[in-house]
Each structure stands twice: as C-alpha cells, then as structure tokens.
Amino acid sequence: MSSSMELNSKIKELIDAKQYKEALDVVDSKFELCIDYTISIAINACSIINDYNRGLNIQQKLPSNSLKNSYVQASLI
C-alpha cells in the first residue's frame, strides 16, 4: 500500500469483515500512512476486541495534531 487512501480502504474492509486483529496489524505495519480517520477506526477496533494495551500503543505514537482531532478524541474515551 502506497497511499493513505489505499490503507484506509484495506483497514475498513478488514474491520467490516470483523478481522480486527488483522486490521490492527496493518495499522502497525503502515502507521506512517495513517491519517486521523485510520487512527480513529483502529482505536475503535482495539476497544471491540478489548485490546486496550494496543490502543495505548497507538495513542503513544500519535502526532500531537491528531490528539486535537475530535474523532480521535472520541475514540480514545
């Protein structure tokens, strides 16, 4: 995957198929391509599978401007 759009599409496809761990593996391997939308759905996936440590790891990698995004903030609650 070479673009954020491709990454979002792949992750959304995996999450829709309830393949949450696989979606999070993609997020981990391509975190540099993640945009706020991707981060938000990844954090929600962590919540669905009760993998709060993984959610915390994602939060720790977030750029400061992502922490100001209301969708990311809502996902972190």
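Residues are numbered in my numbering as their position in the sequence shown, beginning at 1, plus a constant of 307. Glycine included, C-beta positions come from ideal geometry on N, C-alpha and C. Owing to the predicted nature of the structure, the values given are computational and were not obtained by experimental measurement.
### Query
Grouping DSSP H, G and I as helix and E and B as strand, with all else coil, what is lysine 337?
Taking the first residue of the sequence shown as position 1, residue 337 is located at position 30. Note: lysine 337 maps to coil in three-state DSSP.
#### Entry: tyrosine 378 to glycine 362 span [Cα, whole Å]
If you number the sequence shown from 1, residue 378 lands on position 71. If you number the sequence shown from 1, residue 362 lands on position 55. Rounded to whole angstroms, tyrosine 378 to glycine 362 spans 15 Å at the Cα level.
### Query
What's the call for tyrosine 359, buried or exposed, on a 16-neighbour Cβ count within 10 Å?
For the purposes of this step, residue 359 is taken as the residue at position 52 of the sequence shown. By the 10 Å Cβ count, tyrosine 359 comes out exposed.
### Task
Give the range of the alpha helix (DSSP H) segment to which aspartate 323 is assigned.
One-based indexing of the sequence shown puts residue 323 at position 16. It spans 311-323 - the alpha helix (DSSP H) in which aspartate 323 sits, taken as one unbroken run.
### Where aspartate 332 falls: helix, strand or coil (DSSP)
Walking along the sequence shown from the start, residue 332 turns up at place 25. The answer is helix: DSSP assigns aspartate 332 an H, G or I state.
### Query
What three-state label does DSSP hand isoleucine 342 in the structure shown?
Translated into the one-based positions of the sequence shown, residue 342 becomes position 35. In the structure shown, isoleucine 342 sits in coil (DSSP, three-state: anything other than H, G, I, E or B).
### Euclidean distance between Cα positions of isoleucine 342 and isoleucine 348
Numbered from its first residue, the sequence shown carries residue 342 at position 35. Numbered from its first residue, the sequence shown carries residue 348 at position 41. Whole-angstrom Cα-Cα distance: 10 Å.
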